[in-house]
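Asks:
Residue numbers (this note's numbering), protein chains in the order written: chain A, 1 to 201; chain B, 202 to 402.
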């Protein structure tokens, strides 16, 4: 049944937009009406930006980041520390760490985590490429920056073993109370991890 | 400060997407990563659909609906009752009524409602076009289907006066308990309206 009375083009646009994460049919309809109201300022530039992105975006063959160049801007940057490699699950995690500005080394995007439930096995991830990169003479330390859930933890365990075998130093980002966090609102697991990893002052 | 590490094209795409209602910077970033993962199935078709919409969509000069044809499919449909005109604020309201399939006449999109706070005066709406259309020999009844808030009510009052002067029958959609509504959860205004407009059984 059609959602609008505006013909198949608009129906198609709503159907495609409703497949984006965070949008459903209702919000996609609202978005399309907004786009049509702002045709010159938003609809046309957005269509153009999507075409350009589709045409130019590539996956970096070194780290798996996405960029318009290959190797990506981070891999190609001369000022970054080649000896520290930070492993993340997804490109979005790499972006988050870059926004934090806390890592001055390079990255490696694993492409997911091991998961018994979702049937993700080591061969489905870029583990071979990671081990090859970490075996290189430049890399001294690998930081595992995976999500703090069960799949992230078991993947970190698996990678830690494999990386230790090739003689590279492996670390994992800390777990504890997030900045601004109030103890009363935190879950038991976080509190236990924060207590366990306490630091002397 | 850049939100990603993927160059200006992706930054631009995120900025534009985050202007859609219901999306912010964070959900726009997630949406862009999703689009890039689904390049063939989503990003390219969506860019194409936006270009096509921008090229073909027009506002119907009779009713104000949007369509790829002018007059729109509803105004051009031979089977629809030309004697009943349903007035709505926005195109989205027209779509909602069409989905309900309850109105078999024609529509008129007012383009907004009178609002003292937002400074919307009668000249800012398509009231002249509505009065001209309603003066035509075919139109027998005008149904006001405006939102049930203060601005909608004052606009309905204004239109009711103006339409009564040209001798057309004017009605307004009913207010009452929505289908599936439970009295205990409804606001006082709705309950008062439902009591006031009670129907004998």
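Beta carbons are placed, not taken as given, at the ideal position from N, Cα and C, and that holds for glycine.
(1) Nearest to residue 32 of chain A by alpha carbon, out of B:247, B:333 and B:276?
(2) Between the beta-carbon of residue 235 of chain B and the beta-carbon of residue 21 of chain A, is there less than 8 Å?
(3) Which two residues bound the contiguous beta strand (DSSP E) that contains residue 105 of chain A?
(4) Jot down the residue ranges of each uninterrupted alpha helix (DSSP H) in the region 55-89 of chain A, minimum 4 residues, whole runs only, in chain order.
(5) Can you tell me the Cβ-Cβ gap for residue 131 of chain A and residue 122 of chain A, rounded? I've got them flagged as a contact below 8 Å.
(6) Can you check whether the C-beta of residue 252 of chain B is within less than 8 Å of a C-beta belonging to chain A?
(7) Return the CA-CA distance between residue 325 of chain B and residue 242 of chain B, expressed in angstroms with no decimal places.
(8) Can you tell me whether residue 150 of chain A is helix, strand or coil according to DSSP?
(9) In three-state DSSP terms, what is residue 14 of chain A?
(10) Output needed in chain order: residues of the region 264-290 of chain B with a Cβ under 8 Å from some Cβ in chain A.
(11) Specify, as a first and last residue, the run of the beta strand (DSSP E) that residue 343 of chain B falls within.
(12) List, in chain order, every chain A residue whose beta-carbon is nearer than 9 Å to that of residue 397 of chain B.
(13) Just tell me which of A:135, A:142 and A:153 has its CA closest to the CA of residue 84 of chain A.
(14) Quick one: give me the first and last residue of the beta strand (DSSP E) that residue 27 of chain A is part of.
(15) Can you pull the DSSP bridge partners for residue 370 of chain B?
(16) Could you spell out the range, first to last residue, of the alpha helix (DSSP H) harbouring residue 40 of chain A?
(17) So what does residue 115 of chain A bridge to, in DSSP terms?
(18) Can you look up residue 183 of chain A in the DSSP assignment and give me helix, strand or coil?
(19) Taking the alpha-carbon of residue 399 of chain B as reference, which of B:256, B:375 and B:382 has the nearest alpha-carbon?
(20) Rank B:351, B:352 and B:373 by C-alpha distance to the C-alpha of residue 361 of chain B and give the top, closest one.
Replies: Taking the coordinates as given:
(1) B:247
(2) yes
(3) 105-109
(4) 73-76
(5) Contact between residue 131 of chain A and residue 122 of chain A fails: their C-beta atoms lie close to 10 Å from each other, not under 8 Å.
(6) yes
(7) 42 Å
(8) DSSP, reduced to helix, strand and coil, places residue 150 of chain A within a helical segment of the structure shown.
(9) helix
(10) Listed by position, the residues of the region 264-290 of chain B near chain A (Cβ gap below 8 Å) are 266, 267, 268, 269, 270, 273, 274 and 275.
(11) Residue 343 of chain B -> beta strand (DSSP E) spans 342-345.
(12) Within 9 Å of the CB of residue 397 of chain B, no CB atom of chain A is found; the nearest one sits about 31 Å away.
(13) The shortest C-alpha to C-alpha distance from residue 84 of chain A to any of A:135, A:142 and A:153 is the one to A:142.
(14) Segment 25-37 is the alpha helix (DSSP H) holding residue 27 of chain A; no beta strand (DSSP E) there.
(15) Note: residue 370 of chain B sits in a beta bridge opposite B:342.
(16) It is not in any alpha helix (DSSP H) - residue 40 of chain A carries neither H nor E in the DSSP assignment.
(17) Beta-bridge analysis with DSSP links residue 115 of chain A to A:120.
(18) helix
(19) B:375
(20) B:373
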